[in-house]
Amino acid sequence: MEKFRFLTSGESHGKCLTAIIDGLPANLEIDTDFINAELSRRQGGYGRGGRMKIEADTVEILSGVRFGKTFGAPVTLVIENKDFENWQKIMSADPKDVTSEKSFTTYRPGHADYAGSVKYNQKDLRNILERSSARKTAIEVAVGAVAKLFLNQFGIKGSSQILQIGNAKTEEEFHKEIDMAKSAGDTLGGKIKVLYENVPVGLGSYVQWDRALDGRIAQAVMSVPAVKSVAIGNHHAYKMKGSEFHDEIFTEDGKIVRKTNNAGGIEGGISNGENIVVTAVMKPIPTLLKPLQSVDCATGHPSEAHFERSDTCAVEACAVVIESRVACVLANELLLKYGGDSIEECLLKIEG
Ligand SMILES: Cc1cc2nc3c(=O)[nH]c(=O)nc-3n(C[C@H](O)[C@H](O)[C@H](O)COP(=O)(O)O)c2cc1C
């Protein structure tokens with residue numbers, strides 16, 4: 341049973357992106373400025389493409405919030421795509437507007453184009469690009485921001501750090517690495533660390549496979565576009581000895597304490613009170629200015645991959661998306677354990 345549920349809709353160049361969030365307790369303050377600040381974090385970062393210059397994402401709340409607070413009803417969030425004014429006819433729902441403008445038929449390796457076109461029986465790859473695009477992560481970040489507002493009530497805070505971009509391992513080298521890739525018509529990925537502090541003991545469970553907190557976080561992070569691996573805690577575990585890896589247990593003033601956190605805050609599928617530490621690898625952006633070899637599905641002939649305005653590197657943005665996904669998982673788990681109909685009821689439960 342999920343408590344914090346949401347669905348999103350919307351295409352990359354459609355009118356808007358939408359989310360409906362169900363399960364939020366009443367009296368949660370919804371700070372729109374905070375949601376918008378999270379949206380601009382997602383749009384930023386060195387190496388982003390032209391699209392992010394067109395969009396200045398802001399959220400509109402269509403339901404479930406009155407005078408700045410939730411009241412138990414589902415919350416509807418909307419982000420408009422500013423670029424839609426250039427795509428109105430191309431993305432029209434009306435069959436009278438049918439056009440081949442912006443249609444394309446050469447698969448982009450690394451994207452959903454080939455597999456998606458087979459699965460959904462589509463000849464125009466535009467119909468695959470539009471929903472598989474990472475543009476939808478904008479509305480996911482808005483949902484994640486609401487989850488973070490809920491977590492804030494419990495003193496839980498998230499943050500992220502870029503560990504590596506391509507071969508660059510320090511911040512000073514990141515921009516140079518991205519500039520070099522860009523001038524070669526190439527792209528980059530990287531490694532990201534996300535941390536959540538002040539998470540109480542007892543979220544998640546070992547009693548069924550699908551209730552393990554590490555498993556839930558891994559699924560939520562792995563399904564972020566371009567994320568190809570996820571680790572909880574020390575991702576060098578494979579080369580460490582048991583005596584080095586496991587976090588010994590001590591007491592201090594009658595409280596359980598650890599001096600290390602290689603487990604990343606989760607043991608046996610349950611949060612253990614230490615910081616939740618998630619590391620993820622983002623693959624290089626698949627759309628290349630210097631196109632990869634591919635096939636045109638209309639002719640069956642070899643062809644260069646379709647190019648559409650694209651990022652060189654989106655690792656910083658990806659970090660914000662991952663923070664948001666983890667926030668949603670933690671919000672759900674908190675509601676499962678300490679859920680109530682109002683925020684006051686939730687706080688009473690956690691304070692015991
Ligand atoms: C924040 C963010 C921005 C992205 N921007 C682009 C982009 O501009 N161009 C591109 O080709 N892929 C971009 N991607 C990656 C693709 O969306 C992703 O690789 C593709 O949908 C295939 O999914 P998969 O890599 O999970 O298999 C981005 C991903 C994220 C998380």
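Residue numbers (my numbering): 341 to 692.
Here a beta-carbon is modelled for each residue, glycine too, at the ideal position from N, C-alpha and C.
Note that this is a predicted model, so its numbers are computed, not measured.
- For a cut-off of 8 Å, the C-beta gap from A487 to C637 is around 39 Å, too long to register as a contact.
- For the set F407, H515 and F490, the Cα lying nearest the Cα of V655 is the one of H515.
- Nearest neighbour of I496 by Cα position, chosen from I502, E614 and S380, turns out to be E614.
- Taking the Cβ of V534 as the reference point, every heavy atom of ligand 1 lies at 8 Å or farther away.
- Listed as beta-bridge partners of Y536 by DSSP are G498 and I616.
- By the Cβ-count criterion, R448 is buried, with 16 or more other Cβ atoms from all chains shown falling within 10 Å of its own Cβ.
- In this structure the stretch 365-373 lies against the stretch 404-422, because at least three pairs of beta carbons, one per stretch, are closer than 8 Å.
- According to the DSSP assignment, L402 belongs to the beta strand (DSSP E) that extends over V399 to S403.
- In its chain, beyond the 5 residues on either side, G495, I496 and K497 have a beta carbon closer than 7 Å to the beta carbon of N538.
- DSSP lists A359 as the beta-bridge partner residues of T348.
- 9 Å or more divides the Cβ of P540 from the Cβ of L676.
- If you draw a straight line from the Cα of E588 to the Cα of N601, it is about 9 Å long.
- Beta-bridge annotation (DSSP): D636 is paired with T446.
- Here I375 is near A485, since their CB atoms are less than 9 Å apart.
- I572 sits in a strand when the DSSP states are folded into three classes.
- Counting the other CB atoms within 10 Å of its CB gives V547 a total below 16, which places it among the exposed residues.
- Following the DSSP letters along the chain, one finds T591 inside the beta strand (DSSP E) bounded by residues I589 to E592.
- When DSSP states are grouped into helix, strand and coil, L628 belongs to the coil group.
- At a cut-off of 8 Å, the beta-carbon of T477 counts as near ligand 1: some heavy atom of the ligand is closer than that.
- Rounded to the nearest whole angstrom, the CA to CA distance from S403 to I394 is 27 Å.
- Between the beta-carbon of L379 and that of D397 there is about 4 Å, and that keeps the pair under the 8 Å contact cut.
- Look at M431 here: in three-state DSSP terms it is coil, with no helix or strand label.
- Scanning its chain for C-beta atoms nearer than 6 Å, with the 5 sequence neighbours on each side dropped, one finds around A603 the residues G573 and D587, in chain order.
- Look at the beta carbons and you see the stretch 444-461 not touching the stretch 421-431: under three pairs across the two are nearer than 8 Å.
- In this structure, ligand 1 has a non-hydrogen atom nearer than 8 Å to the beta-carbon of M622.
- Rounded to the nearest angstrom, the gap between the Cα atoms of I610 and N467 is 41 Å.
- Counted as a single uninterrupted DSSP element, the beta strand (DSSP E) harbouring R598 occupies residues K595 to R598.
- In the displayed model, A366 falls within a strand according to three-state DSSP.
- Per DSSP, the beta-bridge partners of I606 are S611.
- In this structure, the alpha-carbon of K630 lies about 20 Å from that of S473.
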